[in-house]
Every structure is written in structure tokens, then in C-alpha cells.
Amino acid sequence: MIKRTIEGRIKNSVASRPVTLITGARQVGKTTLATAFRENGFGYVSIDNTNDMVTAQEDPELFLQLHPCPLIIDEVQNAPGLFLALEHSVNSAKLENVRNYGMYILTGSQSYSMMKGITESMAGRVSIIEMSPLSRSEILGRDEIPFSPNDLPALQKRANECPLSASDLFSNIVRGSFPELYDNPKLSRSDFYESYVRTYMERDVSSLLKVGYVSAFRRFLEAIASLTGQELVYDTLAKAVEVDEKTIASWVSILEAGHLITLLRPYNETSVVKRVRKRPKMYFCDTGLACHLARIDSPETLSASYFAGRFVETYVVNEVIKSYKNGGINAGFYYYRDKEQNEIDLLILHDGTLYPIDIKTGTRFDAKAVKSFKKLEGSKYRIGPGSVLCNADAVYPVSGNAYAIPISCL
Numbered sequence: 007m008i009k010r011t012i013e014g015r016i017k018n019s020v021a022s023r024p025v026t027l028i029t030g031a032r033q034v035g036k037t038t039l040a041t042a043f044r045e046n047g048f049g050y051v052s053i054d055n056t057n058d059m060v061t062a063q064e065d066p067e068l069f070l071q072l073h074p075c076p077l078i079i080d081e082v083q084n085a086p087g088l089f090l091a092l093e094h095s096v097n098s099a100k101l102e103n104v105r106n107y108g109m110y111i112l113t114g115s116q117s118y119s120m121m122k123g124i125t126e127s128m129a130g131r132v133s134i135i136e137m138s139p140l141s142r143s144e145i146l147g148r149d150e151i152p153f154s155p156n157d158l159p160a161l162q163k164r165a166n167e168c169p170l171s172a173s174d175l176f177s178n179i180v181r182g183s184f185p186e187l188y189d190n191p192k193l194s195r196s197d198f199y200e201s202y203v204r205t206y207m208e209r210d211v212s213s214l215l216k217v218g219y220v221s222a223f224r225r226f227l228e229a230i231a232s233l234t235g236q237e238l239v240y241d242t243l244a245k246a247v248e249v250d251e252k253t254i255a256s257w258v259s260i261l262e263a264g265h266l267i268t269l270l271r272p273y274n275e276t277s278v279v280k281r282v283r284k285r286p287k288m289y290f291c292d293t294g295l296a297c298h299l300a301r302i303d304s305p306e307t308l309s310a311s312y313f314a315g316r317f318v319e320t321y322v323v324n325e326v327i328k329s330y331k332n333g334g335i336n337a338g339f340y341y342y343r344d345k346e347q348n349e350i351d352l353l354i355l356h357d358g359t360l361y362p363i364d365i366k367t368g369t370r371f372d373a374k375a376v377k378s379f380k381k382l383e384g385s386k387y388r389i390g391p392g393s394v395l396c397n398a399d400a401v402y403p404v405s406g407n408a409y410a411i412p413i414s415c416l
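In the working numbering, each residue's number is its place in the sequence shown (first place is 1) plus 6.
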């Protein structure tokens, strides 16, 4: 089993908070990590089980009496009414001066109603940890560090240790990052993703759709997958799927709540941005799933396609974000594009410093590749070294304070 970076965060949370919620998309490994705590005396119950689901929904207090803490509750989104009972249990332990940390570990995938229940009932009592698909560092079994161009020798060392050719990069993108594809190498990629989509639609989405919209939602998934790495234009999607823009906006929210997509907001600082574009950019959180929905089944097909650049960008943005999020490091992620077509693919705001990043599929670049970085001059934040994350083998300077950096360092 692949060791997950967030395991340490979960252990710290269980040792210090009454409730730990592990959230994230389906099949990213939440249950596997949670059930490891059975060795520490935790009981386990899944609300995917029909009988337990009925009890949890109809009589939450009885459910908790039947399953005393410390307890792992899997698929908690199936019983949002349980959160008030959990609050009462935690409060009772506190009033009775009983140790009230490490009482419950919850897992949930579809956060549409779940997060509403958490914020209303469990505020101040729960630590929420979002789990992503595997990072490249996790797959390789190496330490995961937040991407930063401040230590170029360290980045070069990481790139040298685990080189990544262009063909291997496209193979990684098409394969995706779900743990089961690595734990079971004989598993058909196509079968896995088709089953994933079917399960997602049946269990997470069907109850949220209007009658007769199931086939339209599948068309929506296929259409939006091919737009990963692009600005979201609801009108374009509405015409492709043959529904109205309000429906598209609702469906985008469903995908975001289910952790299938990430929306990157445009960077907006009045001292810098005069004519900024206001639409978010959308990235699928797993490139393998996006490839399947876009009907791209091989690395060769992807590398020769019109979609190659946007899928490479999606892969890199995901890896950079995971390198921070998995370690619990607070950072903001944005993009920049103005009406004069100046663009910066990714901006990291961390510890008072902005780091501009462009993402390219080539190997050799000069100062022209980073001319948009100058648009950040005058920012209220310090501007750190810029990066062009690309297929180069070695770090090299592109301009005064910007460097080409191999994607393999991620």
C-alpha cells in the first residue's frame, strides 16, 4: 500500500480534536486511512450499509448508542442528520470531564449537504482534512515538499533522482492518480474509470438532478472534461449540452462539492490588476478521469492532440496544489489573465510572497516566455522567483529572476 503524506496530519488531528473528517472524491483512499485506526481500538461502521443507514437517518441518537466511540463512520454524507447527535455526544463528554479528543473519525465524498451539517453543528469540534488522489511523490515513495523556486539546487536534485520523459509524463496523465490503479496493476484503466463515473452518477448525483437530466449530465461531464485548464464559459457548455446556463452553474457546483474539479480564481489586487478577466479556470482533479471522459485512451493520442497543453497544465497545477495541501500548508492559488491577453498560468501566494508560474510542454525558453510576470510589479506582496515548469532536464535561468524548472521535480 502506498504511504500517504496526510497520514501524519490525520494522526495529529485524532490526538487533539474530538472529530476528524476526512473528505475528498470517491476512491482516493479515505476509508483505507481511516480504518487503519481500528488497530488503536476504534470501532467501524459504514453508512453505505442499508440497515445502518436507516438507523443513522431515522434515529441518530440510537445509532451512536449502538456504535459507541471511539468510532470510524464511513460515508457519513449519507446521514447528514447525524451531525447534531455527534455534537451532543462530544458536548456530553466534555461536560463529564471525559477525554473528548479522538472520539470520531468520519469519511465523506459528496460534500454538498455534508459540509452544511458540519459547519452548522460541529463548528470548533471538527478538523476537516481534504484528501486528494495520489501525488507523484507518493507514487514514487519520496518525501513530499511544497513546490518553491527558492531552493533551485534542491529542485534539481529531485529532478535528477526521478527523471520524467515527455512520453512518461503523458503516460502519467492518461493513467491518472487513483490508488486502486497502482495497487492493482492488472486492473483495466478503462473499466475502472467507466465504473467510477457510473457509481458517481448513481450514488452522488442522481438525487440532485431533475428528472430526465441523467443523460444530459453525462454529456456535461464529457464536455467539461475536454475543457480542463480553460476558463469556464457557461454559455459554451450550455449550448454543447443543450441545457440553460443556470443548470450548468448548478452542475459545476456539484462537481466542485464532490472534489472532482478545482476552480482557480483570477488574481485580483487593485494595485496590479486594472483589466482582469473575472471567470475562473477549471481543472479536473484527476487527469486520468478527464482523459476517459474526453475519450483519450493512450499517451500517444494525448501527445498528438489539441488537448495536450491543457492536460499537461492540469497535471502540473494538481501536483503543485497537492504539494502544499497534503502537508497542511496554507497557501492561495490563482491565475492571471487580462484583456490584453497577458497571462500567468499559476500564482502561489505563500507567506507574503507571490510566485508566478507558467507551464509549458517544451524544453527551451527565453525571457519572452515570462514577459507577463512583469504585470505583478507594484504588488503589495513581495514577488518571489518566477518559474517555467516544463520538460527540460535541468534548471536554467530564463530571465533575471525566473527559471525553467523540470516538471520532474514535482
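Beta carbons are placed, not taken as given, at the ideal position from N, Cα and C, and that holds for glycine.
Bounding residues of the beta strand (DSSP E) (the contiguous stretch that carries residue i)
| i | result |
| --- | --- |
| Lys287 | 287-290 |
| Pro403 | 402-405 |
| Asp364 | 359-365 |
Under 8 Å between C-beta atoms of residue i and residue j
| i | j | result |
| --- | --- | --- |
| Phe226 | Leu215 | no |
| Ala296 | Thr320 | yes |
| Ala42 | Tyr107 | no |
| Ala355 | Tyr340 | Strictly speaking, residue 355 in this sequence is Leu, with Ala absent from that position. Against a cut-off of 8 Å, the Cβ pair of Tyr340 and Leu355 comes out as a contact. |
| Ala400 | Thr367 | no |
| Glu251 | Asp241 | yes |
| Gly49 | Ile78 | yes |
| Pro286 | Leu238 | yes |
| Ile413 | Val322 | yes |
| Ile111 | Thr26 | yes |
| Pro24 | Gly47 | no |
| Met207 | Val220 | yes |
| Ala300 | Ala244 | no |
| Val326 | Leu382 | no |
| Ile135 | Arg15 | yes |
| Ile350 | Leu395 | no |
| Leu124 | Phe89 | Looking at the sequence provided, one finds Ile at residue 124 rather than Leu. A contact, by the Cβ cut-off of 8 Å. |
| Glu398 | Phe379 | Just to set this straight, residue 398 is Ala in the shown sequence, not Glu. Not in contact: Ala398 and Phe379 (Cβ atoms no closer than 8 Å). |
| Arg343 | Pro272 | yes |
| Ile335 | Leu360 | no |
DSSP bridge partner residues for residue i (one or two, in chain order)
| i | result |
| --- | --- |
| Val25 | Tyr110, Val132 |
| Cys396 | Pro412 |
| Gln347 | In the DSSP output, where bridge partners are listed per residue, Gln347 has none listed. |
| Gln236 | Met288 |
| Ser52 | Asp80 |
| Met137 | Gly30 |
| Phe339 | Ile354 |
| Ile389 | Leu360 |
First and last residue of the uninterrupted alpha helix (DSSP H) at residue i
| i | result |
| --- | --- |
| Tyr321 | 314-331 |
| Arg271 | Segment 267-272 is the beta strand (DSSP E) holding Arg271; no alpha helix (DSSP H) there. |
| Thr307 | 305-309 |
| Phe223 | 220-231 |
| Asp174 | 172-181 |
| Lys298 | Here residue 298 turns out to be His, not Lys, going by the sequence shown. His298 -> alpha helix (DSSP H) spans 293-299. |
| Glu67 | 66-72 |
| Glu208 | Looking at the DSSP string, Glu208 is not in any alpha helix (DSSP H), and its letter there is neither H nor E. |
| Asp189 | 185-189 |
| Pro105 | Just to set this straight, residue 105 is Arg in the shown sequence, not Pro. Arg105 -> no alpha helix (DSSP H), and no H or E assigned at all. |
| Pro159 | 158-167 |
| Arg142 | 142-146 |
| Lys17 | 13-20 |
| Val96 | 88-101 |
| Glu45 | Where Glu45 is concerned, there is no enclosing alpha helix (DSSP H), given that its DSSP letter is neither H nor E. |
Rounded distance between the beta-carbons of residue j and residue i, thought under 8 Å
| i | j | result |
| --- | --- | --- |
| Ser171 | Asn332 | 25 Å between Cβ atoms; not a contact. |
| Pro155 | Pro391 | 4 Å |
| Gly114 | Thr29 | 5 Å |
| Phe317 | Ile179 | 5 Å |
| Leu266 | Phe290 | 7 Å |
| Ser393 | Ile363 | 5 Å |
| Ser329 | Pro152 | 5 Å |
| Tyr387 | Gly406 | Actually they are not in contact, since the Cβ atoms of Tyr387 and Gly406 sit about 18 Å apart, beyond 8 Å. |
| Phe176 | Leu308 | 5 Å |
| Ser183 | Leu140 | 4 Å |
| Asp80 | Ala40 | 7 Å |
Residue i beta carbon near the ligand ZN (any heavy atom closer than 7 Å)
| i | result |
| --- | --- |
| Ile254 | Absence of the ligand ZN is noted for the structure shown, with no ligands found whatsoever. |
Original post:
Counting pairs of beta carbons, one from the stretch 184-203 and one from the stretch 137-155, are three or more of them closer than 8 Å?
Top reply: Counting Cβ pairs under 8 Å, three or more are found: they touch.
Subject >> Given 8 Å, three or more beta-carbon pairs between the stretch 287-305 and the stretch 368-377 >> reply: Contact between the stretch 287-305 and the stretch 368-377 is absent, because fewer than three Cβ pairs lie under 8 Å.
Subject >> Stretch-stretch touch, CB-based, cutoff 8 Å, three pairs: the stretch 54-61 with the stretch 92-107 >> reply: No, they do not touch.
Subject >> Three or more C-beta pairs below 8 Å linking the stretch 158-171 and the stretch 9-25 >> reply: Put simply, the stretch 158-171 does not touch the stretch 9-25. Fewer than three CB pairs are less than 8 Å apart.
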